[in-house]
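In my numbering, the protein residues as written are 29 to 212. For glycine and all other residues, C-beta sits at the position ideal for the given N, C-alpha and C.
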């Protein structure tokens, strides 16, 4: 991870993803700001930066997953970005998605894509607030036989989500925080 890439991600989040006003979050909490990470995570520049910074964060933690993924839809572009960027910094990672519910047809799986039971994975998230989405993804991955090495998030709102995950025994790495974004 370079300082320039980190600064570029912060600027991109400010330009595309941070809104001020009165918002109700997925956790039910109220906030004077909202981080809709999708305009960043689904942009070419955001995918590039998140991929490179995400791989660097995994390596810095010593995590060696075979794949990365999380609860669709917020985690999907994060997983794809990290998997693609891993080609430049092997070992190469694959990506998977976790459905909110198992499909009622076809394979009837909740975890889709490049996922193997018994494999070590990192659950990814766009924004951590309460940790609820990551906890749901972790439960689905574990139920499918995966071993969760940790959680990687683009933004930590610093509202207890990382602590909730840590309390459950899951290490968390983040690319940036609400404090770094000047929101707290």
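Around the beta carbon of residue 93, 16 or more other beta carbons sit within 10 angstroms, so the residue counts as buried. C-alpha of residue 204 to C-alpha of residue 141: approximately 27 Å in a straight line. If you look at residue 42, you'll find it in the alpha helix (DSSP H) that goes 31-44.
Contact between residue 74 and residue 113 does not hold, since their C-beta atoms are separated by about 12 Å, which reaches or exceeds 8 Å. Ranked by Cα distance from residue 103, the options 135, 51, 164 are led by 164. The C-beta distance from residue 45 to residue 99 rounds to 18 Å, too long to meet the 8 Å contact threshold.
Residue 182 places its beta carbon 7 Å or farther from that of residue 107. The shortest CA-to-CA distance from residue 154 to any of 143, 187, 68, 144 is the one to 68. Of all alpha-carbon atoms in 52, 55, 61, 30, the one lying nearest the alpha-carbon of residue 207 is that of 61.
Taking C-alpha positions only, residue 150 is separated from residue 121 by approximately 10 Å. Cβ atoms of residue 126 and residue 168 come within 8 Å of each other, at about 5 Å.
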